[in-house]
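*Asks:* Have a look at this one before I ask anything.
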Amino acid sequence: MSTVRLHDKTFTLYLTKQQIEEAVNTVAQRLNKDLKGKKPIFLVVLNGAFLFAADVIRQFEGDCEVCFVKLSSYSGTLTTTHVREIMGLDMEVKNRLVVVVEDIIDTGITMDNMQKKLIGLGAREVKIATLLFKPGAFRKKFKIDYIGIEIPNDFIVGYGLDYDGLGRNLPDIYKIIKESHAQ
Ligand code: IMP
Ligand code: MG
354 MSTVRLHDKT FTLYLTKQQI EEAVNTVAQR LNKDLKGKKP IFLVVLNGAF LFAADVIRQF
414 EGDCEVCFVK LSSYSGTLTT THVREIMGLD MEVKNRLVVV VEDIIDTGIT MDNMQKKLIG
474 LGAREVKIAT LLFKPGAFRK KFKIDYIGIE IPNDFIVGYG LDYDGLGRNL PDIYKIIKES
534 HAQ
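Per this note's numbering, the sequence shown starts with residue 354, numbered consecutively.
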């Protein structure tokens, strides 16, 4: 299946599940190497990061804790500068190493908010692990510690990422086909 239709839009195959798996494994190996013996808290940003988080955290070899927050910044295929917190943090992060696990960093607004919040709550160190990164859309300056794959500034779905609620279950990642509009 090389194209999928979700709502009113068509998407074409962009990253196969094998490519995703390789990127996930690389991030997992780096986390294992860097965080050995450090007992991190993996803070998973829902909804999009649920599959990446499951696949990467499952490979973590040391002691760790896992918690979740639910944020929303996208509306359809457009990002908004307003980040809504739908489910808050319920774990003590004071003096802890927190690794925020994200599906994708686009403008960086969501992660910038998250990072500032964690520092404000007294986290000792905040690291960021994202499966995907769109450098062309990034508007912030913070360092991203672990990046699976850098991608162009196109809207994508699959492997946790959605278009208006659909597409999260797709094992591969698909990119939107831009429709040309007759004038
Ligand atoms: P940011 O705040 O602009 O960096 O956006 C972060 C959030 O927007 C991500 O965690 C995703 O949930 C969502 N997002 C960004 N780009 C895409 C995309 O191409 N497809 C689906 N969701 C996206
Ligand atoms: Mg996300």
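Backbone N, C-alpha and C fix where the C-beta goes; we use that ideal spot for every residue, glycine too.
1. Closest to L366 by C-alpha separation, out of I526, K531, T460, would be which residue?
2. Which full runs of the beta strand (DSSP E) of 3+ residues lie inside the region 399–423, going along the chain?
3. Out of F413, A402, V419, point me to the one whose CA is closest to M444's CA.
4. Roughly how many angstroms separate the alpha carbons of F495 and A376, rounded to a whole number?
5. What do you get for D416, buried or exposed, if any count of 16 or more other CB atoms within 10 angstroms of its CB means buried?
6. Look at the alpha carbon of K362 and the alpha carbon of L399, and state the distance between them as a whole number of angstroms.
7. Using the Cα positions of L368 and I497, report the straight-line distance between them to the nearest angstrom.
8. List, from N- to C-terminal side, the beta strand (DSSP E) runs of 3 residues or more that fit wholly inside the region 447–534.
9. I think G461 touches F508, with their Cβ atoms under 8 Å apart; what is that distance to the nearest whole Å?
10. Would you kindly report the start and end of the unbroken beta strand (DSSP E) that includes K362?
11. Under 8 Å between the Cβ atoms of F405 and G513?
12. List the residues that DSSP assigns as beta-bridge partners of R383.
13. When DSSP labels each residue in this structure, what does Q536 get in the three-state scheme?
14. Taking the alpha-carbon positions, what's the L450 to M464 distance?
15. Between the Cα of G511 and those of I502, I500, L523, G501, spot the shortest distance and give me the residue it belongs to.
*Replies:* Judging by the given coordinates:
1. Among I526, K531, T460, the Cα nearest to that of L366 belongs to I526.
2. Segments of the beta strand (DSSP E) lying fully in the region 399–423: there are none.
3. Residue V419 is the option with its Cα nearest to M444.
4. Straight across, the Cα-Cα distance linking F495 with A376 is about 21 Å.
5. In the assembly as shown, D416 is an exposed residue. Its beta-carbon has fewer than 16 other beta-carbons within 10 Å.
6. Rounded to whole angstroms, K362 to L399 spans 23 Å at the Cα level.
7. Taking the Cα positions, L368 is about 21 Å away from I497.
8. The qualifying runs are 450–458, 478–486, 499–503, 526–529.
9. About 16 Å; that fails the 8 Å criterion.
10. Note, K362: beta strand (DSSP E), 362–368.
11. Yes, the pair counts as a contact, with Cβ atoms nearer than the cut-off.
12. DSSP output for R383 lists no bridge partner at all.
13. Low local confidence applies: a pLDDT of 41 at Q536 is under 50, so the model's placement there is unreliable, with the coordinate-based value given in what follows. Note: Q536 maps to coil in three-state DSSP.
14. Here the C-alpha atom of L450 lies approximately 16 Å from the C-alpha atom of M464.
15. Among I502, I500, L523, G501, the Cα nearest to that of G511 belongs to L523.
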